[in-house]
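Note that our numbering has the sequence shown beginning at 772, numbered continuously upward.
Note that CB positions come from ideal geometry on N, CA and C, so glycine has one too.
Just so it is clear, the structure is predicted and the values come from calculations on it, not from any experiment.
Since the structure comes first, as structure tokens, the remarks are kept for the end.
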Amino acid sequence: MKYEEFQQMDLTERVQLVNNLLAETQDLKETSKRLGLNYSSFCKEMRVGGFVFNQSKKQYEKTFSIGEYKSIQRHINQSEDNSDVMQFITEHFDELKELLRIHSDQLVLEPMVYDPSIDSVSKTFQINSLIYQEFSDLCSTKFAHLRNRDIVSQCLYEFTKRYKEQPPIE
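Dropping the structure here:
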């Protein structure tokens, strides 16, 4: 399969295809190889549409952003006939709780972190070896499907966002 063909697929069909392959292989690299795609491009493309890889299930799942959740909640609150919604929630309550638990364990990258239209630059940093070892171990065990550079970019993004508006210390 060509990258462009994979990229053009309907998101739901693509996730179903990949999840079927993952059920056989249980390995992201092997799945990307079977599809004939570069591993990093494959992982990046699979995040499109809010899908994340669930390590324990070895499957891609759809997650809701806070904005999407609030939109759904607003819609539920505005609906005059909530009986269908309440029945659905009641019937799927345990599944919904599990989805929220899984989402809280996931690292959600800002879209600009992996935006292909933004140029990448190479920089050299000196880092405390113990901190880097912990970082590296965590990345390889819990976030093996992400590139370290994307995780570092996310950290720098969050740091910038957090401290940008604060006045400088005098």
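List the DSSP bridge partners of residue i.
{"i": "E832", "result": "V823"}
Exposed or buried, which one is residue i when buried takes at least 16 other CB atoms within 10 Å?
{"i": "E816", "result": "buried"}
{"i": "V884", "result": "buried"}
{"i": "Y831", "result": "buried"}
{"i": "L927", "result": "exposed"}
{"i": "L871", "result": "exposed"}
{"i": "R785", "result": "buried"}
{"i": "D944", "result": "Residue 944 lies beyond the range of the chain shown here (772 to 941); nothing can be said about it."}
{"i": "S891", "result": "exposed"}
On the three-state DSSP scale, how would you describe residue i?
{"i": "D876", "result": "helix"}
{"i": "K815", "result": "helix"}
{"i": "N790", "result": "helix"}
{"i": "Q779", "result": "helix"}
{"i": "G807", "result": "coil"}
{"i": "E941", "result": "coil"}
{"i": "K935", "result": "coil"}
{"i": "Q797", "result": "coil"}
{"i": "K841", "result": "helix"}
Below 8 Å on the Cβ atoms is my guess for residue i versus residue j; work out the distance and round it to an integer in Å.
{"i": "Q877", "j": "V823", "result": "5 Å"}
{"i": "R805", "j": "L788", "result": "Not a contact, Cβ separation roughly 10 Å."}
{"i": "H874", "j": "T834", "result": "5 Å"}
{"i": "S836", "j": "G820", "result": "Actually they are not in contact, since the Cβ atoms of S836 and G820 sit about 11 Å apart, beyond 8 Å."}
{"i": "R949", "j": "S811", "result": "Any property of residue 949 remains undetermined from this structure, which presents the chain solely from 772 to 941."}
{"i": "L799", "j": "M772", "result": "With 8 Å as the limit, L799 and M772 do not qualify as a contact, their Cβ atoms being about 16 Å apart."}
Notebook entry, point to check: Which ranges would you report for the beta strand (DSSP E) in the stretch 852-928 if only whole runs of at least 3 residues count?
Noted result: none
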